[in-house]
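Participant: Sharing a structure below in structure tokens format, with a few things to ask.
Number of protein chains: 2
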Amino acid sequence: MHFRRGFPFLEKWLLQEIFKAIGPAPLRFSFKEGQSMTPPGVIPVATIVIRDLRTMIGMMFDPEVYFGEAFADGRIEVQGDLVRALQAVYESWPSGRAGKSAYQKFTSRWADWQQKNSLRGSRANIHRHYDLGNDFYKLWLDSQMVYTCAYFPSPSATLEEAQEAKLDYICRKLNLQPGERVVEAGCGWGALALHMARNYGVYVKAFNISHEQILHARRRAAEEGLSDRVEFVEDDCRNISGRFDVFVSVGMLEHVGIANYASLGEVMHRCIGDSGRGLLHFIGRSHKGVFSRWIRKRIFPGAYAPTLAEAMDVLQPYRYAVLDVENLRPHYAKTLEHWLERFDRSTEQISSMYDPWFPRAWRLYLAGSMAAFRTGTLQLFQISFAGPRSTSIPWTRARLYTDANAITERREDASWMHATS
Amino acid sequence: MHFRRGFPFLEKWLLQEIFKAIGPAPLRFSFKEGQSMTPPGVIPVATIVIRDLRTMIGMMFDPEVYFGEAFADGRIEVQGDLVRALQAVYESWPSGRAGKSAYQKFTSRWADWQQKNSLRGSRANIHRHYDLGNDFYKLWLDSQMVYTCAYFPSPSATLEEAQEAKLDYICRKLNLQPGERVVEAGCGWGALALHMARNYGVYVKAFNISHEQILHARRRAAEEGLSDRVEFVEDDCRNISGRFDVFVSVGMLEHVGIANYASLGEVMHRCIGDSGRGLLHFIGRSHKGVFSRWIRKRIFPGAYAPTLAEAMDVLQPYRYAVLDVENLRPHYAKTLEHWLERFDRSTEQISSMYDPWFPRAWRLYLAGSMAAFRTGTLQLFQISFAGPRSTSIPWTRARLYTDANAITERREDASWMHATS
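Chains A and B are the protein sequences, given in the same order. One rule links them: number in this note's numbering = place in the first sequence (from 1) + 102. One rule links them: number in this note's numbering = place in the second sequence (from 1) + 102.
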């Protein structure tokens, strides 16, 4: 480690311990202003300024949670590019480090228990994040209010174009046919359900336990004259009844919790049986791990990003066959880039709406997510699947990419095979 | 059950027991000629004629193995469409039925042990199937001798076109760049290795433990003047050394056995490290299960088709991220249709080369595989993956489908992102 200026023993030792905890990231850690430390032989991408001794000690014991807490409080300041700084940490983070100490293990288990996704627990968890007020989300989401990974046909597409492209991409992956019945589990502000009904002539029953989102979605359906084709239900998707052709869920599996995958599979099977098909879109991982404990504490209580193998626990018990998995990780990094840019442009308004820690915490969450998708700490999986008796298996995927916007032509596409012809 | 003509008690009981064992398939079982049985209310798709009492008893105890043995011996004859008859059985087969009795469990474990894929065991298992003689495989494979699932851009493509399309599809999925080094584990008669070197300017080291296949592959490389760019090594891929950019394996995972997935992952990591990428193409399942015990006994010793979740045991330990999974099940059914047709056209020649049971056993194996892919008993997965430090993550999959044959244009395609830009 390189030191500059006079440096008291305790502070030097604490900075060394912080680097031990987070790994040799190319960062400059600085106590108050003057004194600083950088691992040898690296050019720091940013400077982390720690404002007090208490924060130094917290960072040493539990950097994952304490960095978030102190950043939100203003006791830590990042000088330079926040996203690049977080990428540097993700890349140097010792593998298997998270939750290693007894204290960290205990707080992680405690959070698991406190935030468990029972019918009641889910309602509390979802309420805390999604009922922050539609006005808040309107400030930095796209005009349709889609709060999941977009699909950018090219990196230069606008966020509005990319969210519209994502909605349509999902419909094409599902090969929706006019008159079919679709159930959506976790429908956000209703954009996908409305897109499916409007452009594909299907009937949609869409579930969500966020009160504010359901009200907004119903209003939009009424405005568009789609209320007879889209029903928005304020209920847990575990209570779904009725028979459907298609099951779709975008950005919900993260909130289900791995303990409930078997019962989600059961719900799906009750809805679409052996002959239905569906799509799951969710944040995943290439190796087992829990979300940052700070994210779970402040942003997403009860969230868990599964590996592909873990996600199979939803599909395998009922012999649903995976037809297609696509990793859209680069698209989530790009989506977050747009969100963070809009968020930063609305700082003043957001600051006037909430306590001072709130915009800082959310900025860290958005920047940290962007860093996680850029470094591959998180992945975004879209899984298309079909039941063992489904007769709607696509012959190739070419139809997804040829003339992507020709919705009317697509319906006449006959290049689907009957599996047991 | 409906009976016709006079029917002795024992034979009637045996036929009932056979239907209990295989499920109420829409088949007519007939003992010798005259006497027969069909489940009520179904129209039989074919008639299974059993020629002697011994076969009746065997079918009752262990229809999975005994049907194959008796069919190959000529003690069972199928009148009507063999593939449709086998589809009917797959569709009615009671789930979890295979290997349920103590006897069946014992024979299955015994086979596991006898056929285990140690370095020596693999050599014996592979020798038995792939060293049957190149002249035999030439009779019914395509001109390039590709013995894995083809890719039919449209269902009416020829087998030759579809195998060529498959080879190129894999190269495009891998985004091969001139000068890169590729390792292929299990290279068959060398078609993919030669295609990659010829059309993509890469260097290939290809492994195979089948002696006859390696000799053929080396001859082809010499004929094409590619010997300086493709090295065919007669060795187990577990002994690979050297550093590569890309790892590819087509139709080998089935022969590795689930107990060896961790060591295959280790081999991959030794070859391509954290920054490489690769593709696995293999026969899989949507639920856990073993290959037909008859197939393992007579055709593919040591074979196992994993679920997607099981296959992740190869990739997860080294944090390889799944980029893309495609299920090509309908394409394997179509490939097998072509193979069986060519096989049937060569019956006379094949009969002159082997014992009488051999062509019947192989006919059953090809027809049974076709039925398994048609009914979804088996799946065909192509998994593209990249290491945690790979900088070659495709932006979208569109480039796979636009102007698919323009190899030169493809190299100039710049729509690949650097994951950590």
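We treat Cβ as the ideally placed atom computed from N, Cα and C, and that holds for glycine.
Can you give me the Cβ contacts of arginine 300 (chain B) inside the same chain, cut-off strictly under 8 Å, excluding the 5 residues immediately before and after it?
Facilitator: For the purposes of this step, residue 300 (chain B) is identified with residue 198 of the second sequence, where counting begins at 1. Cβ neighbours of arginine 300 (chain B) beyond the five flanking positions: Glu326 and Leu328.
Participant: On the DSSP letters alone, give me the boundaries of the alpha helix (DSSP H) that lysine 555 (chain A) sits inside.
Facilitator: Absent from the model: residue 555 (chain A). The displayed extent of chain A is 103 to 523, so no value can be given.
Participant: Comparing alpha-carbon positions, which option in B:Phe309, B:Val369, B:Leu468 and B:Phe111 lies nearest isoleucine 397 (chain B)?
Facilitator: Taking the second sequence and counting its residues from 1, one reaches residue 397 (chain B) at position 295. Isoleucine 397 (chain B) has its Cα closest to that of B:Leu468, out of B:Phe309, B:Val369, B:Leu468 and B:Phe111.
Participant: Using CA coordinates, which residue listed in A:Tyr305, A:Ile385 and A:Glu286 is at the minimum distance from asparagine 341 (chain A)?
Facilitator: By one-based count along the first sequence, residue 341 (chain A) stands at place 239. When each option's Cα is compared against that of asparagine 341 (chain A), the closest is A:Glu286.
Participant: Alpha carbon to alpha carbon, how far is proline 255 (chain A) from glutamate 266 (chain A)? Give it in angstroms, no decimals.
Facilitator: Against the first sequence, residue 266 (chain A) aligns to sequence position 164. Against the first sequence, residue 255 (chain A) aligns to sequence position 153. Going by the C-alpha atoms only, they are around 11 Å apart.
Participant: Based on the DSSP output, what are the partners of isoleucine 159 (chain A) in its beta bridges?
Facilitator: Position 57 of the first sequence, counting from 1, holds the residue named residue 159 (chain A). According to DSSP, isoleucine 159 (chain A) bridges with nothing at all.
Participant: Taking only the alpha-carbon atoms, compute the straight-line gap between alanine 319 (chain B) and asparagine 310 (chain B) and give it to the nearest angstrom.
Facilitator: Here residue 319 (chain B) is taken as the residue at index 217 of the second sequence, counted from 1. Here residue 310 (chain B) is taken as the residue at index 208 of the second sequence, counted from 1. The straight-line gap from Cα to Cα measures roughly 10 Å.
Participant: For chain A, check one thing: does any of its Cβ atoms lie closer than 9 Å to the Cβ of phenylalanine 346 (chain B)?
Facilitator: Along the second sequence, one-based indexing puts residue 346 (chain B) at 244. Chain A contact via Cβ: absent.
Participant: Just the Cα atoms here: how many angstroms apart are methionine 354 (chain B) and glutamine 246 (chain B)?
Facilitator: In the second sequence, counting from the first residue as 1, residue 354 (chain B) sits at position 252. In the second sequence, counting from the first residue as 1, residue 246 (chain B) sits at position 144. Distance between the alpha carbons of methionine 354 (chain B) and glutamine 246 (chain B) is about 18 Å.
Participant: Based on the DSSP secondary-structure assignment, which residues constitute the bridge partners of asparagine 310 (chain B)?
Facilitator: As a working note, residue 310 (chain B) is residue 208 in the second sequence. Answer by DSSP bridge pairing, in chain order: B:Glu336.
Participant: Name, please, each residue of chain B whose Cβ falls closer than 7 Å to the Cβ of valine 427 (chain A).
Facilitator: Reading the first sequence from its first residue, position 325 is the one you call residue 427 (chain A). Chain B residues near valine 427 (chain A): Val424, Asp426 and Val427.
Participant: If alanine 407 (chain A) sits next to arginine 387 (chain A), beta carbons under 8 Å apart, how far is it from one beta carbon to the other, in whole angstroms?
Facilitator: Position 305 of the first sequence, counted from the first residue, corresponds to residue 407 (chain A). Position 285 of the first sequence, counted from the first residue, corresponds to residue 387 (chain A). About 5 Å separates the two Cβ atoms, so the contact holds.
Participant: Note down, in chain order, every chain B residue with its Cβ under 7 Å from the Cβ of tryptophan 544 (chain A).
Facilitator: Residue 544 (chain A) is absent from the model: chain A starts at 103 and stops at 523.
Participant: Name the one or two DSSP bridge partners that threonine 409 (chain B) has.
Facilitator: Translated into positions along the second sequence, residue 409 (chain B) becomes position 307. Looking at the DSSP assignment, threonine 409 (chain B) forms a beta bridge with B:Arg387.
Participant: For alanine 323 (chain A), which residues of its own chain have a beta-carbon under 6 Å away from its beta-carbon, when the five flanking residues on both sides are left out?
Facilitator: By 1-based counting over the first sequence, the position of residue 323 (chain A) is 221. Cβ within range, chain order: Ser329 and Val332.
Participant: Hey, how far is the Cα of tyrosine 253 (chain A) from the Cα of alanine 264 (chain A)?
Facilitator: Here the question's residue 253 (chain A) lines up with position 151 in the first sequence. Here the question's residue 264 (chain A) lines up with position 162 in the first sequence. In a straight line, the C-alpha of tyrosine 253 (chain A) is about 5 Å away from that of alanine 264 (chain A).
Participant: If you measure between the beta carbons of valine 350 (chain B) and leucine 276 (chain B), is that distance less than 9 Å?
Facilitator: For the purposes of this step, residue 350 (chain B) is identified with residue 248 of the second sequence, where counting begins at 1. For the purposes of this step, residue 276 (chain B) is identified with residue 174 of the second sequence, where counting begins at 1. For valine 350 (chain B) and leucine 276 (chain B), yes; Cβs fall inside 9 Å.
Participant: Using DSSP bridges, identify the partner residues of proline 110 (chain A).
Facilitator: Counted from its first residue, the first sequence places residue 110 (chain A) at position 8. Answer is none; proline 110 (chain A) lacks a bridge partner.
Participant: If we ignore side chains and look at the alpha-carbon of each, how far apart do tryptophan 441 (chain A) and lysine 240 (chain A) end up?
Facilitator: As a position in the first sequence, residue 441 (chain A) is number 339, starting the count at 1. As a position in the first sequence, residue 240 (chain A) is number 138, starting the count at 1. One C-alpha to the other measures close to 11 Å.
Participant: Could you tell me which chain B residues have their CB closer than 7 Å to the CB of proline 408 (chain A), listed as they occur along the chain?
Facilitator: Taking the first sequence and counting its residues from 1, the one referred to as residue 408 (chain A) is at position 306. Result: empty, since nearest Cβ-Cβ is about 11 Å, beyond 7 Å.
Participant: Note down, in chain order, every chain A residue with its Cβ under 7 Å from the Cβ of alanine 411 (chain B).
Facilitator: In the second sequence, counting from the first residue as 1, residue 411 (chain B) sits at position 309. Correct list: Ala411, Met414 and Gln418.
Participant: CB-CB under 6 Å to arginine 513 (chain B), same chain, minus the five flanking residues each way: which ones, in chain order?
Facilitator: On the second sequence, position 411 is the one that residue 513 (chain B) refers to. Residue placement at arginine 513 (chain B) is flagged as unreliable, the pLDDT there being 38, under the threshold of 50; the coordinate-derived value follows with that caveat. Counting only Cβ-Cβ distances below 6 Å, and skipping sequence neighbours, we find nothing.
Participant: According to DSSP, is leucine 482 (chain B) helix, strand or coil?
Facilitator: The residue you call residue 482 (chain B) lines up with position 380 of the second sequence. Note: leucine 482 (chain B) maps to strand in three-state DSSP.
Participant: How many angstroms separate the CA atom of valine 369 (chain B) from the CA atom of alanine 473 (chain A)?
Facilitator: Against the second sequence, residue 369 (chain B) aligns to sequence position 267. Against the first sequence, residue 473 (chain A) aligns to sequence position 371. Roughly 30 Å separates the two Cα atoms.
Participant: Could you pull the DSSP bridge partners for arginine 398 (chain A) from this structure?
Facilitator: Start at 1 with the first residue of the first sequence, and residue 398 (chain A) comes out as number 296. Its beta-bridge partners do not exist; DSSP assigns none.
Participant: Using a Cβ-Cβ cut-off of 9 Å, state whether threonine 504 (chain A) counts as contacting chain B.
Facilitator: Locating residue 504 (chain A) in the first sequence gives position 402, where the first residue counts as 1. Answer yes: the Cβ-Cβ gap between threonine 504 (chain A) and chain B drops below 9 Å somewhere.
Participant: Can you list, in chain order, the residues of its chain whose CB lies under 7 Å from that of tryptophan 459 (chain A), leaving out five sequence neighbours each side?
Facilitator: If you number the first sequence from 1, residue 459 (chain A) lands on position 357. Once the five neighbours on either side are set aside, the close Cβ partners of tryptophan 459 (chain A) are Ala174 and Asp175.
Participant: What are the residues in the region 373–393 of chain B lying within 7 Å of chain A by C-beta distance?
Facilitator: For the region 373–393 of chain B, which is checked against every Cβ of chain A, the residues closer than 7 Å are Ser388 and His389.
Participant: What number of angstroms, rounded off, separates the C-alpha of arginine 400 (chain A) from the C-alpha of leucine 129 (chain A)?
Facilitator: To locate residue 400 (chain A), count along the first sequence from 1; it is residue 298. To locate residue 129 (chain A), count along the first sequence from 1; it is residue 27. Each residue's alpha carbon lies about 25 Å from the other.
Participant: Tell me, which residues are paired with glutamine 181 (chain A) by DSSP?
Facilitator: Position 79 of the first sequence, counted from the first residue, corresponds to residue 181 (chain A). Answer is A:Thr149.
Participant: Any beta-carbon of chain A closer than 9 Å to the one on phenylalanine 111 (chain B)?
Facilitator: The sequence position of residue 111 (chain B) within the second sequence is 9, counting from 1. Judged by the 9 Å Cβ criterion, phenylalanine 111 (chain B) is not in contact with chain A.
Participant: Using a cut-off of 7 Å between C-beta atoms, extract the partners of alanine 361 (chain A) located in chain B.
Facilitator: As a working note, residue 361 (chain A) is residue 259 in the first sequence. What alanine 361 (chain A) touches in chain B: nothing, since even the nearest Cβ is about 17 Å away.
Participant: Exposed or buried, what is threonine 260 (chain B) when buried is set at 16 or more other beta-carbons lying within 10 Å of its beta-carbon?
Facilitator: Counted from its first residue, the second sequence places residue 260 (chain B) at position 158. The residue in question, threonine 260 (chain B), is exposed, as its Cβ has fewer than 16 Cβ neighbours within 10 Å.
Participant: Would you kindly check if the distance between the Cβ of phenylalanine 238 (chain B) and the Cβ of leucine 381 (chain B) is under 9 Å?
Facilitator: Position 279 of the second sequence, counted from the first residue, corresponds to residue 381 (chain B). Position 136 of the second sequence, counted from the first residue, corresponds to residue 238 (chain B). No, Cβ-Cβ distance for leucine 381 (chain B) and phenylalanine 238 (chain B) is not below 9 Å.
Participant: Give the C-beta separation of glycine 489 (chain B) and glycine 375 (chain B) to the nearest angstrom, bearing in mind that I take them to be a contact with Cβ-Cβ under 8 Å.
Facilitator: The residue labelled residue 489 (chain B) in the question sits at position 387 within the second sequence. The residue labelled residue 375 (chain B) in the question sits at position 273 within the second sequence. Right, their Cβ atoms sit about 6 Å apart.
Participant: Put proline 165 (chain B) into one of helix, strand or coil per three-state DSSP.
Facilitator: To locate residue 165 (chain B), count along the second sequence from 1; it is residue 63. Helix.
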